[in-house]
Amino acid sequence: MILVASTASALIRVVWSSILASVVVSILFAGAVVGLIRASELRRASRGPAAAACTAAATVALLICLAAVVYGLILVGQKS
Amino acid sequence: MSVDVILVIVVVTALAFDFTNGFHDTANVVATSISTRAIGPRRAIAIASALNFVGAFISLKVADTVARGFVETHAVTSTVVYAGLLGAISWNLMTWYVGLPSSSSHALIGGLVGSAIAAKGWSAASGSGILDKLVIPAVVAPLVAFTAAWLAVVCVYRIVRSVRPGGVSRGFKLGQVVSGGLLALSHGTNDAQKTMGLITLALVASGKLSASNFHVPLWVVISAATAISLGTFTGGWRIIKTLGTKIISMDPAQGFVAQTAGAAVILAASRGGYPLSTTHVITGGIAGAGAGKRLSAVRWGVAGEIVTAWVLTLPCAAGVAAVVYAVVHLFGNGDAGPIFMSVVLVIALIAVYVKARGTRAHGPTPHAEASQA
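Order-wise, the sequence lines are chains E and C.
Position 72, counted from 1, in the first sequence is what the numbering used here calls 72; the numbers after and before it change by one each time, with no gaps.
Position 68, counted from 1, in the second sequence is what the numbering used here calls 68; the numbers after and before it change by one each time, with no gaps.
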């Protein structure tokens, strides 16, 4: 019974973690793309500070995205 | 001495199986990136090949499951592993020839279970292991990939709808270089380990490794990684020709999401030690990304094919492996049986290849049918 519960919980962990990872990474990346496009539009409109803010937000989103991927790979590589 | 000959045959056959796995799955791994023109075919295949190799080193949990999760280790001999492997290859060959869908991963495990049962009876198979680690994940994983991709695509489209499409497309094409790489890495992580598990099981069965101190030797990891990587590289050059015409109508955002969802599911499953059909997972991701844009875009016939593969592959591969074991056993416990069956297999392979070459054209990849968004 304990074994069944442990197996079920392991599978449930796979389900929610993969859905969460896919959605979060995709949203962050989409946010970064939008941020960079907005930044280039703002630069063309000579709105430097706003463009810089958008670039910074996009960079942060990309870095979080990258960190999530690296963290996921570390988790997969762990022995237990 | 006779055990060593069988062991060598098992290792060579397992690595050949691994090579064909990479060869066959190249299309699944790189098709999305190539079809959206995120990356050129040659570069995509080279990157996928390298990352398949790297991925094989990340985790060994799937190998452990394959070696110890489905059959009782004490019931396994080198001949059992050999018959299981040959059963899986024969089943794949038959299904390929008659055009039935199949899963190499399920065939491999079905073959192992079938030959173990033929050798030692029903007690040799671990029913709970098969159900918990193979059957349920096989059903759940493609559905999870579908759901994840569908949810993610809906969110992504909402986020990017207010900006110009050209910029979005360029951004996601760049993202696909990374997501495609991640998918190749995850493929190597899950698929190469199945072969590692099987070879390790054969080493334990032949007494080369202690069952109490179970571990996957480094040479097994390196050789399995090399075989799947070379298979990916070789298979890629063949599909370049067909990809140009049988391309998937996906935009880069869908491609990115499908690859990310596929990679996430395969990596999470690898962490849990679940050997999945990576083809089914990737197809689920593609279909989900298509459904997120337009539900009618999904070719539901592909889902039917996957269900057919779920139902047929495991018992049929087990049955074929049991027959192979019975035939090998007729020759006694020496090398004669495996050598005879290997010769028969090679002849069958050549015959099928020659016949198929003249009569059949290669069909579209599962990707190509999964979505026409």
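Every residue, glycine too, gets a C-beta built ideally from N, C-alpha and C.
Source: prediction; values computed, not measured.
Notebook entry, point to check: Is glycine 244/C helix, strand or coil by DSSP?
Noted result: In this prediction, glycine 244/C has a pLDDT of 43, which is less than 50 and means its spatial position is unreliable; nothing more can be read from the coordinates.
Next item on the list: Measure the CB-CB distance between valine 163/C and arginine 38/E and report whether it falls below 8 Å.
Entry: Yes, Cβ-Cβ distance for valine 163/C and arginine 38/E is below 8 Å.
Check: My guess is that asparagine 21/C and isoleucine 228/C are in contact by the Cβ rule of under 8 Å, so how many angstroms apart are they, rounded?
Finding: Contact holds; Cβ gap of about 6 Å.
Notebook entry, point to check: Can we say the region 246 to 261 of chain C touches the region 70 to 85 of chain C, given the rule of at least three CB pairs closer than 8 Å?
Noted result: Touching, no, given that fewer than three Cβ pairs across the two stretches are closer than 8 Å.
Check: Residue ranges of each alpha helix (DSSP H) run of no fewer than 4 residues wholly in the region 164 to 219 of chain C, ordered along the chain?
Finding: Runs of the alpha helix (DSSP H) lying entirely within the region 164 to 219 of chain C, each at least 4 residues long, are 165 to 205 in chain order.
Note to self: Rounding to the nearest angstrom, what Cα-Cα distance links valine 204/C and aspartate 64/C in this structure?
What the structure shows: So the alpha carbons of these two residues sit roughly 12 Å apart.
Next item on the list: State the Cα-Cα distance for the pair tryptophan 96/C and tryptophan 310/C, rounded to the nearest angstrom.
Entry: Cα to Cα, the separation comes out at about 15 Å.
Check: Beta-carbon of alanine 21/E versus every beta-carbon of chain C: anything under 8 Å?
Finding: The Cβ of alanine 21/E sits closer than 8 Å to at least one Cβ of chain C.
Margin query: Assuming isoleucine 6/C and glutamine 176/C are in contact, meaning their beta carbons sit under 8 Å apart, how far apart are those beta carbons, in whole angstroms?
Written below: Contact between isoleucine 6/C and glutamine 176/C does not hold, since the beta-carbon distance rounds to 45 Å and is not under 8 Å.
Check: What is the rounded straight-line gap between the Cα of serine 270/C and the Cα of serine 17/E?
Finding: Their backbone Cα atoms lie some 12 Å apart in a straight line.
Item checked: Own chain, CB closer than 6 Å to threonine 232/C, minus 5 neighbours either side, in chain order -> Closer than 6 Å at the Cβ level, and outside the excluded window around threonine 232/C, lie Gly22, Thr26, Ala48, Ser49, Asn52.
Notebook entry, point to check: Can the beta-carbon of alanine 83/C be found less than 8 Å from the beta-carbon of valine 328/C?
Noted result: For alanine 83/C and valine 328/C, yes; Cβs fall inside 8 Å.
Checklist line | Short CB-CB distance (under 8 Å) between valine 60/E and chain C | finding: No, valine 60/E lies away from the interface with chain C (no Cβ there is under 8 Å from its Cβ).
Check: So, helix, strand or coil for valine 71/C, using DSSP?
Finding: Three-state result, valine 71/C: strand.
Notebook entry, point to check: For alanine 125/C, which beta-bridge partners are listed by DSSP?
Noted result: In the DSSP output, where bridge partners are listed per residue, alanine 125/C has Val71/C.
Item checked: Same chain, Cβ closer than 8 Å to proline 217/C, neighbours up to 5 away in sequence not counted -> Counting only Cβ-Cβ distances below 8 Å, and skipping sequence neighbours, we find Thr200, Leu203, Leu209.
Margin query: Under 8 Å: do the region 177 to 194 of chain C and the region 271 to 288 of chain C share three or more Cβ pairs, one atom per stretch?
Written below: Segment contact: the region 177 to 194 of chain C against the region 271 to 288 of chain C, three or more CB-CB distances shorter than 8 Å; contact assigned.
Notebook entry, point to check: Between leucine 85/C and glycine 255/C, what straight-line distance do the alpha-carbon atoms span, to the nearest angstrom?
Noted result: Answer to the nearest angstrom: the Cα atoms are 34 Å apart.
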